[in-house]
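Data block below; observations after.
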């Protein structure tokens, strides 16, 4: 069944395949069996990697490794972000030392979000949800504009190793602020190795690969001063927006936030784009198309852990046994249960998040 | 007499005048009388300024102000550098809070000097000589790669306010490392005002003016987050190299280091380029040209404090009363005395410098 819901089955096949061949991202397939407990790996949502071998080795042999991720403190924390949170938490459960960076410099430079506001968003949206979802202290959390000297020094030294043209190729229209932000991002990924080389994995969407490649290059170029292992990465496919197209923080109708009131969230599901046919008759005859359905996607990514139940959902749809209205109601029910439970956890998590950040000072 | 040894009397008249009219540097003339105790101001070596009014006001009314300067930790500390050191010390005697930045990031990025080596040079060459010349603790001293979070945050925020084209216009061929270094330089100048606006003076050679202008612009652009006074600057003319042309750290024959053995230094004076004529006869008839003489320059900038004695030296030369050999011997004698005295002071100053830097950690 895992094969059937492979991301290659989706409309974006060509793109993902091309990305992999063009840039040398390896397929995740060889690791699927060993790490099938992870829903995203098992279902092919995490479809590719670079150097995951050394991470797999660390996990299986219980050797130390680092899981590093950055968050952009802007907007609401939605189910697209939850996918990354789940991966952080999974790596922590596998023995990783967790490093989470609040990219407040990037938010300031690229999106004009004042640092104080970025700090609040990082605490109340990201950190609180991470904790409520199961991330456990201790882990390393930092703001790009409020950290420690060895980090800033690494960043400064790295600036010497990156050409302007490389940055331009990756980021397109580049500004001085973006250059600072980009180099900072590489320092975010590499600085856990200031105390010595360590396998490091960065779970990302495939659009982040150019930056991963740059950071891998920089790690090698820093050999004159620091011994660092090139960071590994895993690549996941993106969730679509609820009305098709992209899920985007700037379009609240496209996502469900983890802080949406359950009633609001349920309504979003009820009006979401599905893979249904033009008429009930047609759908009964031809069946629906789960791979084009944002409701199915929500279940596949998040709400249904049990593969058998997910397959049942798919089979009922494809055979025309269930219509979209009923299916949406089922999904809305699962979503409601999740949100009520999660939002309860957020109360204590919120206090914990603020305390954690205060202790950074 | 001060008029006669005005820098406009030198061969570079056109350039300095043009710089002033083109870029709006004001002449120092109105402040010459009030600050005639300062040899460089009195002799027109400090010939121009921007917003020196608010510094003059601070000095005369004994209000707080900041003297900020940066040092490039590479090569030997020579008499060209002493000119800046004397200005730092003068401002300290006038009541300024002194801020001295060791630009180790710049040395690393632009000249490929490892940070550890830059640190040693900053201590043994610069800081030791500053102290031996009379700079008194407490003052603020820092390395660009080893400072404090509010400084790095200011720098990060400033990166948003500077366009790539501005940097290109100032620095020509620009690299990512140079961009970091340039923004850092502005943060060096402005960060003393993190705790509140304060008049700040930066004594520089006129070649540094584009950077001063940029930093003044940035100060204004940061108004949304920080209230900062645009930094003032004073501009001095450069000493020539001993054999004519530029005095340059990369050409030891062009300068006298403050750590040169007196015998070595004396020899450098004896073979220095003078304003002498082709033959003794000619010189007796026409007199020498002190404004083209690096020996006269050394005395004017450093070795002769008393204007009457300097004028005597000039008059004897111009009237053909003294030949270059004898004049050089006089200068070499003054130099020897200075170096012996200075190098004695360096012993204690060296220990003090290292202790100061250790205490930064």
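Protein chains in written order, with the working numbering: chain W, 19 to 379; chain Z, 19 to 379. Positions of the beta carbon are idealized from the N, C-alpha and C atoms, including for glycine.
The beta carbon of residue 176 of chain Z lies closer than 8 Å to those of 201, 204, 205, 208, 236, 240 in the same chain, with the five residues before and after it left out. Assigned with DSSP and collapsed to three states, residue 85 of chain Z falls in strand. If you ignore the 5 residues before and after residue 152 of chain W, its C-beta comes within less than 7 Å of the C-beta of 107, all in its own chain and listed in chain order.
A distance below 8 Å separates the beta carbons of residue 275 of chain W and residue 95 of chain W.
One alpha carbon belongs to residue 182 of chain W, the other to residue 174 of chain Z, and they sit about 18 Å apart. When the five nearest sequence neighbours on each side are left out, the beta carbons in the same chain lying within less than 8 Å of the beta carbon of residue 358 of chain Z are those of 280, in order along the chain.
Under the Cβ criterion of 8 Å, residue 212 of chain Z is not counted among the residues facing chain W.
Counting C-beta pairs closer than 8 Å gives fewer than three between the segment 38-56 of chain W and the segment 255-265 of chain W, which falls short of the contact rule. DSSP places residue 177 of chain W within a helical segment (H, G or I) once states are collapsed to three. Inside the segment 223-288 of chain W, DSSP marks whole alpha helix (DSSP H) runs of 4 or more residues at positions 227-239, 280-288, from first to last along the chain. With a threshold of 8 Å between beta carbons, residue 92 of chain Z makes no contact with chain W. Neighbours of residue 88 of chain W in chain Z, taken as residues whose beta carbon is under 7 Å from its own, are absent, since the nearest beta carbon is some 15 Å off.
Neighbourhood of residue 164 of chain W in chain Z, by CB distance below 7 Å: 167, 171, in chain order. Taking residue 53 of chain Z as reference, the option from Z/134, Z/259, Z/305, Z/77 with the minimal CA-CA separation is Z/77. Counting every other CB atom within 10 Å of its CB across the protein chains shown gives residue 303 of chain W a total below 16, marking it as exposed. At the C-beta level, residue 221 of chain W and residue 102 of chain W come within 8 Å of one another. Here the segment 328-347 of chain W makes contact with the segment 283-293 of chain W; the two share three or more CB pairs at distances below 8 Å.
When secondary structure is reduced to three states using DSSP, residue 119 of chain Z falls in the strand class.
Within chain Z, the residues placing a beta-carbon under 9 Å from that of residue 126 of chain W are 174, 175, 178, ordered along the chain. Boundaries of the alpha helix (DSSP H) around residue 194 of chain Z: 194-208.
Taking 8 Å as the cut-off, the Cβ atoms of residue 49 of chain W and residue 63 of chain W do not count as close. Boundaries around residue 343 of chain Z are those of the alpha helix (DSSP H), 342-378, since no beta strand (DSSP E) includes it. In the structure shown, residue 97 of chain Z adopts helical secondary structure according to DSSP, grouped into three states. For residue 86 of chain Z against residue 218 of chain Z, the beta-carbon gap comes to about 6 Å, under 8 Å, which counts as contact. Residue state for residue 161 of chain Z is assigned as strand, using DSSP reduced to three classes.
Among the residues of the segment 121-153 of chain Z, those with a Cβ less than 7 Å away from any Cβ of chain W are 123, 126, 127, in the order of the chain. Following the DSSP letters along the chain, one finds residue 182 of chain W inside the alpha helix (DSSP H) bounded by residues 182-189.
Only residues of its own chain outside the window of five on either side were considered, and among them 232 have a CB closer than 7 Å to the CB of residue 184 of chain W, listed in chain order. At least one C-beta of chain Z is nearer than 8 Å to the C-beta of residue 185 of chain W. At a beta-carbon threshold of 7 Å, the residues of chain Z lying near residue 195 of chain W are 177, 178, ordered along the chain. Annotation: residue 56 of chain W to residue 133 of chain W spans about 35 Å, alpha carbon to alpha carbon. The three-state reading of DSSP puts residue 219 of chain Z in strand, counting E and B together.
Note that the C-beta distance between residue 247 of chain W and residue 215 of chain W is below 8 Å.
Taken in chain order, the complete alpha helix (DSSP H) segments of 4 or more residues contained in the segment 28-76 of chain W are 31-41, 47-50, 57-60. With its beta carbon less than 8 Å from one in chain Z, residue 192 of chain W belongs to the interface. A direct Cα-Cα distance of roughly 27 Å separates residue 122 of chain W from residue 379 of chain Z.
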